[in-house]
Structure formats: C-alpha cells, structure tokens
Amino acid sequence: MVQETSRRWLVLGVVSAGLLLITLDNSILYSALPTLVEDLGANGSESLWIINAYPVVMAGLLLGSGTLGDRVGHRRMFVIGLVVFGLASLAAAFSAVPETLIASRALLAVGAAAMMPATLALIRVTFEDQRERNVAIAIWGSLALVGSALGPIVGGALLSSFWWGSVFLVNVPVVAVALAATLVLAPPNQPDPTKKWDLPSSLLALVALVGLVMAIKETAKAEPEPLFIAAVVLATLVGGWAFARRQRSLAQPLLEFSIFRNRAFLAGVLAAGFSLFAIAGIQLVTTQRFQLVEGFTPLGAGLLVAAIAIGALPTALVGGTVLHRVGLLPLITGGLALSTAGVAIILANFDTHTGLLVTGLLVTGAGLGAAMSVASSAIMGNAPASRAGMASSVEEVSYEFGSLIAVAMLGSLMTAVYTATIDLPAGVPESAGDSLDKALALAGDSNPALVAAASRAFDSAYSTVMAVVVAAMVVGVLVTGLLLRHHGPGSTLAADVNH
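Going by the numbering used here, the residue at position 304 of the sequence shown is 958; the numbering climbs one at a time, nothing skipped.
As structure tokens, this is what we get:
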C-alpha cells in the first residue's frame, strides 16, 4: 500500500514536471523579449508572433490531442509530446532569424499539445479516491500557475549569464529526466481503438483561432487594412461554423457541446480562461514597462511579477483540500473577486508606490490561486470518465485561449495606445512613435525630452491595459457567480453531470 501510494505521488511529480515546462514556455519570453528582438532584428509583428505562435498552435490542437490520447493511450501521448518538445527546444535555441524561431515555437506547441491533456488524464486514472484526486489536481493547478509566473524569472536569470537561446535550451535536461521517469513510473498505456480521432476538426479549430488572432492584431494597428480584417474575420467565422457543424455530424466528436450545459463545468472553463487572461496580460505588460521605463534588468522585472506566484501558491494548495467542505462558489467566484481588487491596486499605484504595486500583485495571485486550484476539479469532476481526454483538453484550451487572447489583444492594445498618445518632440523621426524601445534607441543619452514623452505614452498604454483586465475580471466574477449560485459543498462531483 505504501509503495502504491508513493508511486501515485511520484507520477504526479512526473506529469507536473511536464506541465511546468509547458506553462514556463508560455511566459519565459516576456522578460527575454526586448533582448531577443534586438539580437534577431525582429519587427513588432514578428515579436508578437514569436510569443503568439506557441499558444495559437497549442490551443488549435488541444481538443484533437486529448481525443487522440483516448485512442492511443495517454502515457504514449505524454512520451511523444516530451520528445517533440525537447527537439523543438533545441531548434528554437539555435534559431538565427525570426522566421525560424516562430516555426520552432509552433513545433514546441505541437509537443505541448500532445503532453498537456495527458498530464491531467494520467492524474485522473492514477488517483481513484475523489478527495485525493482533488488534492492532486490542486497541486497540478498550482504548478500551472507557478510555471507561468516563474517564466519571466527564469528568462531573466538565464539572460543575466547566457545568450537568449538558453531560455529554450534549459528545457532539454528536464525533458530527459521526465522521459526516463515516465517510462519507469507511469501506469500502463491503455489505448482504446474504438475512440475516433478527427484531424479535420483540429485543423478547422486552428483556422478559426489563427484568424481571430490576426484580426485582433490588424485591428489594433495604427493604419489597419479593412479588407485584410474582413478576410481573417470571415476565416474565423467559417472555421468556427465548420468545426461546430462537423462535431454535430460525428459519432465521436472532439467536443461534445452538451457538456457545457453543466454549470459547474462551464464555470470551471471560464474561471481558467479569465485567470490566464489576467496572468498573461499583467506579466506581458508589467515586465515590458519596468524594463523599458524604470530600467529594471530582465531578472528584476521577472522577480517583480513573481509576486503573483508567491500570492497564489498558498491559496492554490488550500483550495483543493477545502473544496469538498466549502464548494466551488467561494473559491472560484470569490477568488476572481479578490484578484479583481488586486489588479485595481496595481492600476492605481504602478507609477507611484512600488510597495502597493507588489501588494496588488500578491492579492491578485492569492485570488487567482484559489480560483485556478479548483477550476480543474470543476471541469474534471463534472465530466464522465470515458471522456477524460476531451475534458482535460477543454480545460487546457481554456487556459491557452485566455493567455492567447491576452497577448493578442492586450499586446496590440498597448502598442495602439502608445502610438496614439505619444507627443513626439520636434525634429524626432516618426518611427519613434512605433514602440518605446525604438524611441529609447533613437534618443540615446542626448534626447531626454523624447525619453520622457515615450515613457508617458507607455504609461498611458499600461493604464489602459490594466483597466481592461479589471473590466474582464469583473465580467468573470459576475458570470461564474451566476453559474454557481446553486452549487454548494458536495455538488461538485461527477455524479452531478447532466448529459
């Protein structure tokens, strides 16, 4: 019994290592981006795609990879994902041009998409006791949050001693250890050949997501192309419509839309999405602002936003242990409400009081930790065991979609507001209005007026982004509160699924 118990928790450690890699790579470039852009000579669009290629491709493939895991076995999918992730990390580390790095990031996403549903599905089949599983999933969820928050720190620490490619090369030894441990510890592979995998559905989902991101990015440009926007919006609508229509015609669809009728399941999906929207948005713009405006090093900026993880870890661990006693409502809706207050503190104090800024980051993390720790339990506990792969895919799509929309929308919004509000001094080239890093490069040490104007414009953009995050979190509080208003303790388990 002791050996079996130890094996279960060791399996959790192995799959959590894979998850840590996946989430770390989602945010590790936030603090490394200014250095990477300078060294590769990437333009604004390329820099956003270097970040976005990873969540876009992953979100598009996640639904299909979860169902494929049901068919070929989740252990096998996890192993395949680790191998692809390791090889893609090597390719990314030694990329010589932006296009190669973007392609490598897309390949990284393929490996991550194979691994991510398998991590949660393996937890489900390894932990049979419901309370023990809740604790395991809470630890899993907290590591997802910690990995996302640690990304800027790890990136900054590596850049302080090595070249930018080290932020990818660091994945390789972790992949090697996780691969060996999986082969020794993971439960036997359990394929189910009766499950169907539909590649066209995954491709249609990918078309819809890519179109959505391109539409957001183009709309935020100073001089958007209406015809291009119309084309990508049409691609998004057609891709989404064709995906939904195809699911209704398949005997075993990648996504059963009826599962969203379960209010607890839907609340978990939304909580995951809103949480990652807040985390990704705050990390992206905060690491950029404090490096470019305040002169922080990449490591210093990464340590600053690590306050989110510090605040989140205690509540994330506690959430899973008290879920069966308090229910979903206080943890999900209450957590999102607390994080909303935290973001409001950041908005009010980012340029005046560093202590209150850190307090806001800690409060934000505490709220998101509580919500995320049980969002996964709400999703997995309200889906049938036979569709564990699909449920875990939906859960991870919600995380990736939240991060994806944050980077695409808030990154583009920040650029748009900066461009619209900067008041360039006389005689300064118009290109200084494209981005803050361009303005700083042009100013050097001889044009303090340009530095001041660019910094003011960037702070206006930062304020706008934080205000949007606050508004989004308010929506999350209201919607999840409405969905969970009748869910009390004991009503969060799979027995309540209505299919």
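The beta carbon of each residue, even a glycine, is placed where N, CA and C say it ideally should be.
With 16 other CB atoms within 10 Å as the buried threshold, where does residue i fall?
{"i": "residue 816", "result": "exposed"}
{"i": "residue 758", "result": "buried"}
{"i": "residue 692", "result": "exposed"}
{"i": "residue 865", "result": "buried"}
{"i": "residue 848", "result": "exposed"}
{"i": "residue 641", "result": "Because the chain here runs from 655 to 1153, residue 641 falls outside it and cannot be looked at."}
{"i": "residue 703", "result": "buried"}
{"i": "residue 740", "result": "buried"}
{"i": "residue 1112", "result": "buried"}
{"i": "residue 842", "result": "exposed"}
{"i": "residue 942", "result": "buried"}
{"i": "residue 1119", "result": "buried"}
{"i": "residue 1102", "result": "exposed"}
{"i": "residue 660", "result": "exposed"}
{"i": "residue 655", "result": "Residue placement at residue 655 cannot be trusted, given a pLDDT of 44 that sits under 50; the coordinates are not used to answer."}
{"i": "residue 1074", "result": "exposed"}
{"i": "residue 919", "result": "buried"}
{"i": "residue 831", "result": "exposed"}
{"i": "residue 844", "result": "exposed"}
{"i": "residue 1140", "result": "exposed"}
{"i": "residue 667", "result": "exposed"}
{"i": "residue 1149", "result": "A caution first: residue 1149 carries a pLDDT of 39, below 50, which makes its placement in the model unreliable, though a value can still be read off. Exposed, since its Cβ has fewer than 16 Cβ neighbours within 10 Å."}
{"i": "residue 1129", "result": "exposed"}
{"i": "residue 917", "result": "buried"}
Kindly indicate which residue of the options has the alpha-carbon position closest to the one of residue i.
{"i": "residue 930", "options": "1054, 676 and 843", "result": "1054"}
{"i": "residue 1105", "options": "924, 922 and 1079", "result": "1079"}
{"i": "residue 713", "options": "1102, 1064, 1068 and 1057", "result": "1057"}
{"i": "residue 1117", "options": "999, 1136 and 1049", "result": "999"}
{"i": "residue 1126", "options": "1064, 983 and 1107", "result": "1064"}
{"i": "residue 750", "options": "726, 886, 1119 and 696", "result": "696"}
{"i": "residue 934", "options": "1049, 863, 1019 and 889", "result": "1019"}
{"i": "residue 852", "options": "1108, 725 and 1070", "result": "725"}
{"i": "residue 1004", "options": "789, 981 and 936", "result": "936"}
{"i": "residue 957", "options": "826, 940 and 1119", "result": "940"}
{"i": "residue 705", "options": "662, 994, 906 and 753", "result": "753"}
{"i": "residue 711", "options": "731, 863 and 818", "result": "863"}
{"i": "residue 1136", "options": "873, 982 and 667", "result": "982"}
{"i": "residue 888", "options": "831, 1014, 867 and 905", "result": "867"}
{"i": "residue 953", "options": "1120, 805 and 926", "result": "805"}
{"i": "residue 1013", "options": "1024, 1023 and 995", "result": "995"}
{"i": "residue 744", "options": "821, 666, 893 and 1128", "result": "821"}
{"i": "residue 913", "options": "1032, 993, 812 and 845", "result": "1032"}
{"i": "residue 1123", "options": "1060, 895, 844 and 1071", "result": "1060"}
{"i": "residue 948", "options": "1134, 1024, 1110 and 1022", "result": "1110"}
{"i": "residue 1052", "options": "901, 928 and 667", "result": "928"}
{"i": "residue 1071", "options": "785, 861 and 1121", "result": "1121"}
{"i": "residue 1036", "options": "915, 688 and 963", "result": "915"}
{"i": "residue 729", "options": "774, 742 and 701", "result": "774"}
{"i": "residue 846", "options": "1114, 731 and 993", "result": "731"}
{"i": "residue 701", "options": "664, 901, 1021 and 938", "result": "938"}
{"i": "residue 665", "options": "787, 676 and 742", "result": "787"}
Assuming residue i contacts residue j under a Cβ cut-off of 8 Å, what Cβ separation, rounded to an integer in Å, is found between them?
{"i": "residue 869", "j": "residue 776", "result": "At roughly 36 Å, the Cβ-Cβ gap does not stay under 8 Å, so residue 869 and residue 776 are not in contact."}
{"i": "residue 717", "j": "residue 891", "result": "About 18 Å; that fails the 8 Å criterion."}
{"i": "residue 674", "j": "residue 797", "result": "6 Å"}
{"i": "residue 959", "j": "residue 803", "result": "7 Å"}
{"i": "residue 829", "j": "residue 736", "result": "5 Å"}
{"i": "residue 1215", "j": "residue 823", "result": "The displayed coordinates of the chain run from 655 to 1153. Any statement about residue 1215 would go beyond what the structure contains."}
{"i": "residue 1016", "j": "residue 965", "result": "4 Å"}
{"i": "residue 694", "j": "residue 755", "result": "7 Å"}
{"i": "residue 763", "j": "residue 707", "result": "7 Å"}
{"i": "residue 1044", "j": "residue 721", "result": "6 Å"}
{"i": "residue 671", "j": "residue 800", "result": "That belief does not hold up - the Cβ atoms of residue 671 and residue 800 are roughly 12 Å apart, past 8 Å."}
{"i": "residue 946", "j": "residue 688", "result": "7 Å"}
{"i": "residue 925", "j": "residue 850", "result": "At roughly 30 Å, the Cβ-Cβ gap does not stay under 8 Å, so residue 925 and residue 850 are not in contact."}
{"i": "residue 872", "j": "residue 886", "result": "7 Å"}
{"i": "residue 921", "j": "residue 1138", "result": "5 Å"}
Does the beta carbon of residue i come closer than 8 Å to any beta carbon on chain D?
{"i": "residue 664", "result": "Of the protein chains in the structure, only one exists, and it is not chain D."}
Q.
Closer than 8 Å is the cut-off here; do at least three beta carbon pairs connect the region 826–844 with the region 1019–1028?
A. These segments do not touch.
Q.
Taking contact to mean 3 or more Cβ pairs, one atom from each stretch, closer than 8 Å, check whether the region 757–776 and the region 995–1011 are in contact.
A. Counting Cβ pairs under 8 Å, fewer than three are found: no touch.
(Q) Closer than 8 Å is the cut-off here; do at least three beta carbon pairs connect the region 878–889 with the region 982–1000? (A) no
Q. With a cut-off of 8 Å, do at least 3 Cβ pairs link the region 786–803 to the region 964–971?
A. yes
Q.
Quick test of the definition: if touching needs 3 or more C-beta pairs under 8 Å, does the region 856–864 touch the region 680–687?
A. no
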